[in-house]
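Inspection log for the structure reproduced underneath, given as structure tokens.
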Amino acid sequence: MKEVRSCTVLAKTKQSEVKRASTRASYKKDELFPIIDDLMMAHICFIQDESPISIPMLCWRVDNLIFVHGSRGSRLIKQLTNGNNTCVSFAELNGWVMAKSAFHHSANYRSAVLFGKFSIVNDEATQLQYYQSFVEQLETGRWQHIRSPNAKELAATTLLCMEIDEGAVKIRTGGPIDDPEDMALPVWVGEIPLLRQWGEPKISN
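Going by the working numbering, the sequence shown opens with residue -10, and the numbers climb by one from there.
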């Protein structure tokens, strides 16, 4: 694997720069990393036969790399290893923003879009290291109690990584932004938060 560059900000390029509501944009990785780590579900986007394709995938981060894995012969793996650029996006709805006008209703959210190229992690020991990091993000300490992937499973699966280098974060928080002429309207305004939390574990027999 190539050496990963250390940088605290994302590269702002023509394709990654946020122009609409740019005050909500950030290129700081310390704002990006919690989004990736909390969601762990990304949409992987690429072009196949001149058509856009978007596939939701589990995705995890270790330091400045993101990882996805899949069946060695799958369409996704073939497309992500052909050397073309890929777009990886994350989004989380945090609540509705209720305004005095229909136009100013909105949503609070966290989102991120990354651009780059995936490469294959070939070394078996390195693969196991990153698979362990994935399992440990699900439950700390779980790896030591489960069976690790065997040779057949490793051979059937391709692990891909992409350096976190180019992209942007966009976050909206707070209440509505109403027009002055609407302020006298007798209608409730404010935020309706959407809370995400894990439920009670259910044992499987």
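Backbone N, C-alpha and C fix where the C-beta goes; we use that ideal spot for every residue, glycine too.
Return yes when the Cβ of residue j is within less than 8 Å of the Cβ of residue i, no when it is not.
i      : j      : result
Ile153 : Lys1   : no
Phe104 : Asn73  : no
Asn83  : Pro182 : yes
Ile197 : Thr147 : Look at the range of the chain in this structure, -10 to 194, and you will see that residue 197 is not part of it.
Trp44  : His32  : Note that residue 44 is Ile in the sequence shown, not Trp. Yes; because the gap between Cβ atoms is below 8 Å, this pair is in contact.
Ser11  : Gly156 : no
Trp187 : Ser122 : no
Can you give me the C-alpha to C-alpha distance between residue i and residue j, rounded to a whole angstrom?
i        : j      : result
Arg13    : Asp167 : 18 Å
Val(-2)  : Ile55  : 16 Å
Met87    : Leu47  : 32 Å
Asp26    : Ala101 : 12 Å
Met172   : Val178 : 10 Å
Pro23    : Leu184 : 16 Å
Ala96    : Glu81  : 10 Å
Ser204   : Val110 : What is shown of the chain runs -10 to 194, which leaves residue 204 out entirely.
Glu(-8)  : Val77  : With a pLDDT of 49 at Glu(-8), under the threshold of 50, the modelled position of this residue cannot be trusted, and the question is left open.
Glu20    : Phe79  : 13 Å
Ala114   : Arg61  : 18 Å
Ile42    : Glu170 : 44 Å
Gln37    : Asp52  : 30 Å
Lys191   : Gln133 : 21 Å
Glu180   : Met30  : 25 Å
Ser40    : Val176 : 45 Å
Arg136   : Lys89  : 56 Å
Asn194   : Glu128 : 19 Å
Lys85    : Ala91  : First, the residue type needs correcting, since residue 85 is Trp and not Lys in the sequence shown. C-alpha separation (whole angstroms): 13 Å.
Leu174   : Glu189 : 43 Å
Gln68    : Arg131 : 32 Å
Pro138   : His94  : 48 Å
Met(-10) : Tyr16  : With a pLDDT of only 48 at Met(-10), under the threshold of 50, the placement of this residue in the model should not be trusted; the figure read from the coordinates follows. The straight-line gap from Cα to Cα measures roughly 25 Å.
Val208   : Glu142 : What is shown of the chain runs -10 to 194, which leaves residue 208 out entirely.
Looking only at DSSP bridge pairs, what is residue i linked to?
i     : result
Lys17 : Val(-2)
Arg99 : Glu81, Ile160
So the candidates are the options; which of them puts its Cα closest to the Cα of residue i?
i      : options                       : result
Val7   : Glu39, Asn194, Val158, Val176 : Val158
Ile160 : Arg185, Tyr98, Ala31          : Tyr98
Leu149 : Ser95, Tyr119, Pro190, Ser5   : Tyr119
Phe107 : Thr70, Gln121, Gly130, Asn139 : Thr70
Thr75  : Asp112, Asn194, Met151        : Met151
Leu28  : Cys(-4), Ala140, Gln126, Arg9 : Gln126
Leu117 : Cys(-4), Phe92, Ala144, Arg9  : Ala144
Asp112 : Phe92, Val124, Ala140         : Ala140
Threshold first: 3 residues or longer. Then list the beta strand (DSSP E) segments lying entirely within the stretch 101 to 187, N to C. 146 to 152, 155 to 161, 179 to 182
Any chance you could list the alpha helix (DSSP H) runs of at least 4 consecutive residues sitting entirely within the stretch 17 to 97, in chain order? 18 to 28, 64 to 69
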